[in-house]
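One structure is given below, encoded as structure tokens.
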Amino acid sequence: MSKIEAKLVELGHPLPELAKPVAAYVPAVISGNLVFTSGQLPFVNGHLPATGKVGMGDELVDPALAKDLARQCALNALAAVKTVIGDLDRITRVVKVVGFVASVPEFTGQPGVINGASEFLGAVFGDAGAHARSAVGVPVLPLDSAVEVELIVEFK
18 MSKIEAKLVE LGHPLPELAK PVAAYVPAVI SGNLVFTSGQ LPFVNGHLPA
68 TGKVGMGDEL VDPALAKDLA RQCALNALAA VKTVIGDLDR ITRVVKVVGF
118 VASVPEFTGQ PGVINGASEF LGAVFGDAGA HARSAVGVPV LPLDSAVEVE
168 LIVEFK
């Protein structure tokens, strides 16, 4: 087991099996010394633990839950990275995180939701986990997911 995978286990989030793509794309591609992941949904054992729009109120996904879902998206993105580089210990830096939050129009807490991914990557990679980022509110995501995250990582 790699050091990074051991760290994931220590944090209580072992690397999952890669979720199968839901459309015509591959989970990750290499260009030079960078890996670009496709957007990853927060699948757990093949299912989305929550769906719908993020916001405050009945029948909406609570922002705290959405933050946890963003962490799961980042974990799933690491599984995608592993499929193309073989060993997560080869990652030298998380370069960029792009997060999408399906939210109601009045919700403006997208950065706080995507902090779930950012804080998790920081805990896993330390200083190498500090990254550039976008957190974008959107009206809907595939399969009615509340959150989607993609990564760009550098590797050796």
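Residue 91 in this note's numbering sits at position 74 of the sequence shown; the count goes up by one each step and never skips.
Think of the CB as a built atom: it goes at the ideal place given N, C-alpha and C, for glycine as much as any other residue.
What residue range is occupied by the uninterrupted alpha helix (DSSP H) comprising residue i?
i: Val39; result: Element bounds for Val39: n/a, residue is neither H nor E.
i: Ala67; result: Where Ala67 is concerned, there is no enclosing alpha helix (DSSP H), given that its DSSP letter is neither H nor E.
Residue i: which of the options sits nearest, CA to CA?
i: Leu82; options: Ala145, Ala96, Glu27 and Gly133; result: Gly133
i: Leu158; options: Ser135, Arg88, Ala67 and Pro128; result: Ala67
i: Thr54; options: Arg107, Thr100, Pro80 and Glu76; result: Thr100
i: Val43; options: Gly69, Ser19 and Ala94; result: Ala94
i: His148; options: Thr109, Ile21, Gln89 and Asp85; result: Thr109
Taking the beta strand (DSSP E) that residue i falls in, what are its first and last residues?
i: Ser151; result: Ala149 to Val155
i: Gly116; result: Ile108 to Ala119
i: Ala45; result: Ala45 to Ser48
Would you say residue i faces chain D, with C-beta separation under 8 Å as the test?
i: Val121; result: The chain inventory of the structure shown lacks chain D, comprising one protein chain alone.
Check whether the Cβ atoms of residue i and residue j lie closer than 8 Å to each other.
i: Leu160; j: Leu92; result: no
i: Ala145; j: Val111; result: yes
i: Gly74; j: Ser120; result: no
i: Val118; j: Gly154; result: yes
i: Val98; j: Val170; result: yes
i: Leu77; j: Lys84; result: no
i: Cys90; j: Glu136; result: no
i: Glu34; j: Ala87; result: no
i: Ile102; j: Val52; result: yes
Kindly give me the distance between the Cβ atoms of residue i and residue j, rounded to whole angstroms, as I take these residues to be in contact under 8 Å.
i: Ala140; j: Leu28; result: 6 Å
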